[in-house]
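Peer 1:
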Amino acid sequence: MVTDTPHRRTGLALVSAAIALLCVGALTMLVRDRWHPPEIKSAEQARQSATGQVARAAGARVMPTDPRLAVEPKPEGPKRAQPANPF
Numbered sequence: 001m002v003t004d005t006p007h008r009r010t011g012l013a014l015v016s017a018a019i020a021l022l023c024v025g026a027l028t029m030l031v032r033d034r035w036h037p038p039e040i041k042s043a044e045q046a047r048q049s050a051t052g053q054v055a056r057a058a059g060a061r062v063m064p065t066d067p068r069l070a071v072e073p074k075p076e077g078p079k080r081a082q083p084a085n086p087f
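Heads up: the sequence shown at position 27 corresponds to 27 in the UniProt record's numbering, and the numbers run straight through without jumps.
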């Protein structure tokens, strides 16, 4: 026997749809920052911005990173093994 009327089911479906739309909206707001590439500042720009002010207040200095070496040192540790030949 069916005890629910179609009107009651329609109301429940509308409430469920409204809750689902609210959840989709909330999740969209949470991940919206991942749609844009990060803003990377040079050391000089960081010194002049709020980042530099906070760093100076904490007693730190904002300095540019060292350039990469022309010849990188070999990593220590064992050499990588050859992959197994499945044939």
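The C-beta atom is built at its ideal place from N, Cα and C for all residues, glycine as well.
Since we're looking at a predicted model, the values are computed, not measured.
How is glutamine 82 classed by DSSP in three states: helix, strand or coil?
Peer 2: On the sequence shown, residue 82 is found 82 positions in, with the first residue counted as 1. Glutamine 82: coil per DSSP, three-state reduction.
Peer 1: With DSSP run on the structure shown, which of helix, strand or coil describes aspartate 33?
Peer 2: Here residue 33 is taken as the residue at index 33 of the sequence shown, counted from 1. Helix at aspartate 33.
Peer 1: Does the structure place the region 35 to 44 close enough to the region 55 to 66 that three or more beta carbon pairs sit under 8 Å?
Peer 2: Yes, the region 55 to 66 touches the region 35 to 44.
Peer 1: Could you have a look at valine 54 and say whether DSSP puts it in helix, strand or coil?
Peer 2: Position 54 of the sequence shown, counted from the first residue, corresponds to residue 54. Three-state result, valine 54: helix.
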